[in-house]
Every structure is written in C-alpha cells, then in structure tokens.
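Take any residue in the sequence shown, count from 1 to its spot, add 110: that is its number in the numbering used here. What follows is a single structure, written as structure tokens, with notes after it.
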Amino acid sequence: MSIRIQCGASSWEVDGVLFDKDGTLLDFAYLWGTWSSLLVDRLRYRALGVNWETVLGLCRDGEKFHYDPLGPLAMGSNREIAAVIAGHLYLSGLAWNEAITAVLTDMKHVSTQIDELRPVRAMPGVFSFVQQLSREGVPIGIVTSDDTEAAVKHLEWLGMRTHFQVILGSDGHVNGKPHPDLAIAACAKLQIAPERTLMFGDTKADIQMAREAKLAGIVRIGLERTQASDGEEEQISHYEQLQWTSLTS
C-alpha cells in the first residue's frame with residue numbers, strides 16, 4: 111500500500127515508513143531522564159569530581175530534565191555511551207578493564223530498575239498515526255540507537271509492538287546511526303526501496319542516516335523551532351500536523 115504524506119510545504123509518495131524510537135515514538139526525557147538519573151547516582155561513587163551530567167549531555171533544573179540534542183545521551187548507542195563513561199573513569203584512575211566492567215555493571219543494574227519502573231509514554235498523537243498506517247497495511251519499522259531487545263520491550267510496554275514489522279537496534283549492526291546501515295537493512299526487511307521510504311526522527315543522527323541511505327525524506331519531530339533546521343527536513347511538534355492519503359497500488 112502506497113501513501114502520500116504531507117507536512118508543511120513538503121509531500122512524499124512512499125511505500126513505507128521508518129521511525130526512530132526515543133524522542134520520536136517515546137518521550138525521550140521521561141524514559142532517559144529516569145535512566146540517566148539512576149546511572150549518575152551510581153557513577154558518583156565511582157569517581158569523585160566528575161560532572162557526569164556534563165559528560166552525558168544533560169542537566170536538571172529542579173525536577174525538570176534537559177538534554178543536549180547534540181550530545182551522547184541523545185544520539186549515542188549504549189555501547190558508545192559506555193565508552194564515553196569508561197573513558198572518564200580511566201582518566202580518574204581506573205584501569206581500562208576495571209572502567210569497562212564498572213560501567214557495564216552499573217548499566218545492567220539500571221536496566222533492571224527501568225524494567226521495574228517502566229517509565230515510558232508515547233509522543234503526542236503518535237498512537238493514532240501508527241494505528242492508521244498499520245490499518246492501511248503500510249510497512250512500518252523502527253531504527254534506533256538503543257539495543258533491539260530494549261526497544262521491543264519499550265514498545266510492548268506502550269502496547270504498540272504489534273504495529274511494527276521490523277525493529278532494529280544498533281547492537282545488531284557494526285555501524286549504527288549516523289551511518290545508513292540501519293535504515294538500509296530495515297528497508298530490505300520490509301521489502302521496500304529506500305527512495306520510497308519516509309523517516310521520522312528527532313536528531314541530526316537521524317537526518318544524516320536518512321540522507322546517506324537516500325530515503326525519500328525525513329520529518330523531524332519534537333524539537334523546538336528555535337533549534338536550527340538542517341534545511342533538509344520538515345519539523346513538527348505533534349503528529350496531528352501531518353496529512354496523509356492512501357494511494358491505489
């Protein structure tokens with residue numbers, strides 16, 4: 111099933127849709143604000159004097175969570191985030207093997223806590239949009255910097271898992287975002303051409319991946335208009351800003 115999706119001054123006729131997960135389907139701050147707070151609480155005991163919020167690219171204003179959309183927490187894979195943290199532990203005096211072991215131990219512990227808390231909520235309007243695409247038989251997939259198992263779990267918590275035919279995380283590929291590999295692999299699994307596929311994302315890594323995979327286009331979701339556009343994407347704050355029409359095959 112082909113569809114035409116219109117956003118602002120742009121429109122695309124496509125055969126399938128790819129979504130990023132965090133910040134695109136899920137509220138980034140709600141999940142990763144909780145995750146990072148739990149992790150930082152543990153890291154403080156690993157190395158004194160390290161500003162772990164700055165290392166990860168986040169800050170808190172009272173109870174309000176802010177993150178740098180250009181930072182490692184926003185764009186990095188779990189493996190990349192672990193490497194960043196381990197590097198600072200090494201500089202604080204730990205041997206590299208001890209630093210890596212400490213980081214992976216702490217991240218595993220935090221993952222268990224997240225499983226208990228389940229701090230996930232959908233982005234505004236995404237439920238309806240995904241359900242409509244699914245009802246129309248449009249192939250839809252997820253390409254995320256998170257690990258695949260965690261991504262599947264988060265979608266199950268939201269009750270959205272069954273709508274996606276493909277969910278690919280960075281752990282299953284040598285090159286995650288911003289490289290094009292994930293998008294190309296997802297299109298192959300969905301049996302759709304990249305140039306007939308629209309991407310929804312929220313970071314520069316998503317934009318670069320979509321560009322290098324030669325996707326039809328990208329819609330950037332959830333960012334403030336004050337954040338500069340790369341000029342290659344349309345930006346929305348809510349999925350109800352989209353218009354779409356089914357096309358005959």
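Glycine included, C-beta positions come from ideal geometry on N, C-alpha and C.
Exercise. Does the stretch 197-204 come close enough to the stretch 217-231 to have 3 or more Cβ pairs within less than 8 Å?
Worked result: no
For this session: Please work out which residues of its chain come closer than 7 Å, Cβ to Cβ, to G286, disregarding the five sequence neighbours upstream and downstream, and give them in chain order.
Result: S187, S255, S280 and L292
Exercise. To the nearest whole angstrom, what separates the beta carbons of V240 and I250, a pair I think is in contact under 8 Å?
Worked result: 7 Å
Problem set entry | For F138, the nearest candidate out of D125, A184, C117 and D171 (CA to CA) | Nearest C-alpha to F138: A184.
Exercise. Rounded to a whole number of angstroms, what is the C-alpha to C-alpha distance between G356 and C117?
Worked result: Just to set this straight, residue 356 is Ser in the shown sequence, not Gly. Whole-angstrom Cα-Cα distance: 15 Å.
Problem set entry | Cβ contact check for the stretch 261-271 and the stretch 166-175: 3 or more pairs under 8 Å | no
For this session: Per DSSP, which residues does H176 bridge with? Please list them.
Result: In the DSSP output, where bridge partners are listed per residue, H176 has C169.
For this session: Answer yes or no: do M111 and V248 have a C-beta to C-beta separation smaller than 8 Å?
Result: yes
For this session: Report the rounded CA-to-CA distance for A296 versus A192, giving the unit in angstroms.
Result: 25 Å
Exercise. Under the DSSP definition of a beta bridge, which residues are partnered with Q116?
Worked result: S121 and Q353
Exercise. Which residues does DSSP pair with E163 in a beta bridge?
Worked result: Beta-bridge pairing links E163 to no other residue.
For this session: Could you spell out the range, first to last residue, of the beta strand (DSSP E) harbouring V276?
Result: V276 to G279
For this session: Assign W122 to buried or exposed, taking buried as 16 or more other Cβ atoms, counted over all protein chains shown, within 10 Å of its Cβ.
Result: buried
Exercise. Using DSSP with H/G/I as helix, E/B as strand and the rest coil, what is I328?
Worked result: The answer is strand: DSSP assigns I328 an E or B state.
Problem set entry | 3-residue-minimum beta strand (DSSP E) runs that sit fully inside the stretch 213-293, ordered along the chain | 250-254 and 276-279
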